[in-house]
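Quick notes on the structure that follows.
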Amino acid sequence: AATAPGKKITARLKRTLPVRGPQAPTLSELMRWYCLNTNTHGCRRIVVSRGRLRRLLWILLTLSAVGLILWQCAELLMNYYSASVSVTVQFQKLPFPAVTICNINPYKYSAMKEYLSELDKETKKALETFYGFSEGKSKVRRSVEEWNSTGSDFFQQIPLLKLEDFPRTATDLHSGQKRKIEGSVFHKDSSIVNSGDSNDIIGFQLCDANNSSDCALYTFSSGVNAIQEWYKLHYMNIMAQIPLETKEKLSYSADDLLLTCFFDGLSCDKRHFTRFHHPLHGNCYTFNSGENGTILSTSTGGSEYGLQVVLYIDEADYNPFLVTSTGAKIIVHDQNEYPFIEDIGTEIETAAATSIGMHFTRSRKLSKPYSDCTETGADIPVENLYNKSYSLQICLHSCFQKAMVNSCGCAQYAQPLPAGAEYCNYKKNPNWMYCYYRLHEKFVKEQLGCQQICKDACSFKEWALTTSIAQWPSTVSEDWMLRVLSWDKGQKLNKKLNKTDLANLMVFYKDLNERFISENPANTLVILLSNFGGQLGLWMSCSVVCVIEIVEVFFIDSLSIVMRRQWQKAKKWWNDRKRGSAGKAPQAGDLERQGHDNPVCIDEDLPTFTTALRLPLPQDSPLPRTPPPNYSTLRLETAFTEQLPDTLELGQH
Numbered sequence: 001a002a003t004a005p006g007k008k009i010t011a012r013l014k015r016t017l018p019v020r021g022p023q024a025p026t027l028s029e030l031m032r033w034y035c036l037n038t039n040t041h042g043c044r045r046i047v048v049s050r051g052r053l054r055r056l057l058w059i060l061l062t063l064s065a066v067g068l069i070l071w072q073c074a075e076l077l078m079n080y081y082s083a084s085v086s087v088t089v090q091f092q093k094l095p096f097p098a099v100t101i102c103n104i105n106p107y108k109y110s111a112m113k114e115y116l117s118e119l120d121k122e123t124k125k126a127l128e129t130f131y132g133f134s135e136g137k138s139k140v141r142r143s144v145e146e147w148n149s150t151g152s153d154f155f156q157q158i159p160l161l162k163l164e165d166f167p168r169t170a171t172d173l174h175s176g177q178k179r180k181i182e183g184s185v186f187h188k189d190s191s192i193v194n195s196g197d198s199n200d201i202i203g204f205q206l207c208d209a210n211n212s213s214d215c216a217l218y219t220f221s222s223g224v225n226a227i228q229e230w231y232k233l234h235y236m237n238i239m240a241q242i243p244l245e246t247k248e249k250l251s252y253s254a255d256d257l258l259l260t261c262f263f264d265g266l267s268c269d270k271r272h273f274t275r276f277h278h279p280l281h282g283n284c285y286t287f288n289s290g291e292n293g294t295i296l297s298t299s300t301g302g303s304e305y306g307l308q309v310v311l312y313i314d315e316a317d318y319n320p321f322l323v324t325s326t327g328a329k330i331i332v333h334d335q336n337e338y339p340f341i342e343d344i345g346t347e348i349e350t351a352a353a354t355s356i357g358m359h360f361t362r363s364r365k366l367s368k369p370y371s372d373c374t375e376t377g378a379d380i381p382v383e384n385l386y387n388k389s390y391s392l393q394i395c396l397h398s399c400f401q402k403a404m405v406n407s408c409g410c411a412q413y414a415q416p417l418p419a420g421a422e423y424c425n426y427k428k429n430p431n432w433m434y435c436y437y438r439l440h441e442k443f444v445k446e447q448l449g450c451q452q453i454c455k456d457a458c459s460f461k462e463w464a465l466t467t468s469i470a471q472w473p474s475t476v477s478e479d480w481m482l483r484v485l486s487w488d489k490g491q492k493l494n495k496k497l498n499k500t501d502l503a504n505l506m507v508f509y510k511d512l513n514e515r516f517i518s519e520n521p522a523n524t525l526v527i528l529l530s531n532f533g534g535q536l537g538l539w540m541s542c543s544v545v546c547v548i549e550i551v552e553v554f555f556i557d558s559l560s561i562v563m564r565r566q567w568q569k570a571k572k573w574w575n576d577r578k579r580g581s582a583g584k585a586p587q588a589g590d591l592e593r594q595g596h597d598n599p600v601c602i603d604e605d606l607p608t609f610t611t612a613l614r615l616p617l618p619q620d621s622p623l624p625r626t627p628p629p630n631y632s633t634l635r636l637e638t639a640f641t642e643q644l645p646d647t648l649e650l651g652q653h
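If you're matching positions, the sequence shown starts at 1 in UniProt numbering and goes up one per residue.
Below is the structure:
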């Protein structure tokens, strides 16, 4: 019972005492208190300055300083996410990269003729019709009837066309009849724009199998390009239907391709090469693939300590319509990377010695928020179809292949198969060609979304190549060298070698300097905070404590004042509503008892005599008397208009 009077008096003091400091009842009083007590001198000068002009000048200076601080801090935040590039060069023993070698001609033409007989026949007919070429009767084998009959029907659907009244009238190669061309026209050669003779324009038309009026005409200003593109289109149809085991037998073996091999001054053979089958290049062979867990390295630079191979190209067994150049293609890559030889492969000439010098560079970029790269590709919503480490090319090809399967119902022949899909061919998917060309057009125009989804890898290895070519073998050494090579491989080749069937390749490190390019944050958190502190001190003579004070006053205290005022209004409105519903008019005593809670008195201690003296006195009332020392509480009967019931009971005791 002893604490009840104290709580009553404390509540009365909270309602009566004047409020100052951060607990001011209004925002204007709070701002005035802040300006008088803050450490930022500009705000204080606004309040204490005399004269309107001087006060206006201090307001302008303070606002300008605040604007400069915000601008400089924004610049610091933007620079915080920038990176600096550092280059480190080390001289050490380097791992030798994987070197993948493919013959430009993917399959032996002598072994493929039975599958390509009908296609070759149509191609020769096109050459004879358009250009007057004639080779007499063909001696092509026709033992595989299923390819011939099906192919003939399909060639009638997609024949070569010669544009006579470009672009609306064309001559059909297969039937020799003229036909009207409807639909959009796609020029595969930009020089078509400058071509004045329509007789030079050759192409083919693809139509939607479900809507014959939806067609697209693909034209070429060069007959060579048109015939090759048309041939490859049907070629992929045929190859998609041949089993992988059969295609591996139709392509070149390691014994066929490799004549001699040396690495780091020591002899090597086909056991150091790993075969993998490329859809467009047939059997390819990778030196130092690392599949057996061992990666070769070299400790000396120069051509004598790299890889040296002599390749047998066998130009006489090339497909005359599929490839128009002779030689081999190579690509230097990491053991965990897929060799995109069709995109970035380097061609090797025959009858020449090609020397490829390498410089090794490792690069490392910072991921988010510094750049939009990916560490492992796990955050990219595209399935990796190549079973190799992530790269931008793998992501783009995989994305297109998935779109191909979803849109056309089958997979494109030049890329790996997704799970549960099969390669497109005109037997099962007669509409795939039209679908593929339309889809590829969207891919090139970046309308499929693949370029937006796929990102660069944050870390990658690169071998910068420098290529030089020399005539090989020389005139004076040609005779004996060809004789020796023929003797070494004569039992398997069964014919005399010609220098146009050979290619000499050397791949080596020009030096053993490993260059490491890395990105590092240009600013750390410590530097950022230090720069913030410097800007605050320069423009506002402010510190971290000052920033905390600003947050407390302008956000916490201001919000508290606004919420308290709203609560008081709502409380008053509710009390007035209750009185109105009860039909009772407010009493004078009720108005006197109304007040606001004083947040200064937030402790639970009993008030003292000194705090009691600070209470406003009623009119015509003498000063409160000093209570006797043996009183356990204060007697303030003359300071209040009415006595509290709890104090009356206490006084009687």
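We treat Cβ as the ideally placed atom computed from N, Cα and C, and that holds for glycine. Bear in mind the structure is a predicted one, so any value in this text is a computation, not a measurement.
Among the options, nearest to residue i - alpha-carbon criterion
| i | options | result |
| --- | --- | --- |
| residue 162 | 391, 230, 580 | 230 |
| residue 394 | 504, 453, 254 | 453 |
| residue 277 | 311, 264, 252, 326 | 252 |
| residue 96 | 206, 359, 130 | 359 |
| residue 502 | 131, 235, 309 | 309 |
| residue 345 | 438, 465, 294, 380 | 465 |
| residue 223 | 124, 448, 76 | 124 |
| residue 275 | 267, 265, 256, 263 | 256 |
| residue 550 | 40, 254, 266 | 40 |
| residue 221 | 317, 507, 204 | 204 |
| residue 79 | 520, 55, 261, 415 | 520 |
| residue 387 | 437, 338, 410 | 338 |
Residue i: first and last residue of the uninterrupted beta strand (DSSP E) it sits in
| i | result |
| --- | --- |
| residue 245 | That residue, residue 245, is in no beta strand (DSSP E); its alpha helix (DSSP H) goes 244 to 250. |
| residue 459 | 459 to 471 |
| residue 285 | 282 to 287 |
| residue 330 | 328 to 333 |
| residue 259 | 258 to 263 |
| residue 206 | 202 to 208 |
| residue 99 | 98 to 103 |
Delimiting residues of the alpha helix (DSSP H) encompassing residue i
| i | result |
| --- | --- |
| residue 434 | 432 to 444 |
| residue 229 | 223 to 239 |
| residue 111 | 109 to 131 |
| residue 400 | 392 to 408 |
Inter-residue spacing [alpha-carbon to alpha-carbon] between residue i and residue j
| i | j | result |
| --- | --- | --- |
| residue 244 | residue 108 | 15 Å |
| residue 504 | residue 350 | 8 Å |
| residue 330 | residue 297 | 19 Å |
| residue 356 | residue 347 | 11 Å |
| residue 451 | residue 102 | 29 Å |
| residue 530 | residue 553 | 24 Å |
| residue 64 | residue 564 | 33 Å |
| residue 32 | residue 372 | 49 Å |
| residue 206 | residue 106 | 27 Å |
| residue 579 | residue 573 | 10 Å |
| residue 191 | residue 343 | Confidence at residue 191 is low in this model, with a pLDDT of 39, below 50, so its placement is unreliable and the value that follows should be read with caution. Those two C-alpha atoms are separated by around 23 Å. |
| residue 362 | residue 462 | 6 Å |
| residue 209 | residue 431 | 5 Å |
| residue 533 | residue 375 | 35 Å |
| residue 525 | residue 35 | 31 Å |
| residue 242 | residue 234 | 13 Å |
Residue i: CB within 6 Å of a non-hydrogen atom of the ligand HEM
| i | result |
| --- | --- |
| residue 345 | Judged by which ligands are present, the structure shown has none, so any question about the ligand HEM falls away. |
Where residue i falls: helix, strand or coil (DSSP)
| i | result |
| --- | --- |
| residue 162 | strand |
| residue 357 | strand |
| residue 308 | strand |
| residue 511 | coil |
| residue 297 | strand |
| residue 565 | helix |
| residue 34 | helix |
| residue 66 | helix |
| residue 456 | strand |
| residue 363 | strand |
Cβ-Cβ distance between residue i and residue j below 7 Å
| i | j | result |
| --- | --- | --- |
| residue 389 | residue 425 | no |
| residue 458 | residue 365 | yes |
| residue 100 | residue 286 | yes |
| residue 270 | residue 258 | yes |
| residue 557 | residue 30 | yes |
| residue 382 | residue 398 | yes |
| residue 250 | residue 112 | yes |
| residue 72 | residue 447 | no |
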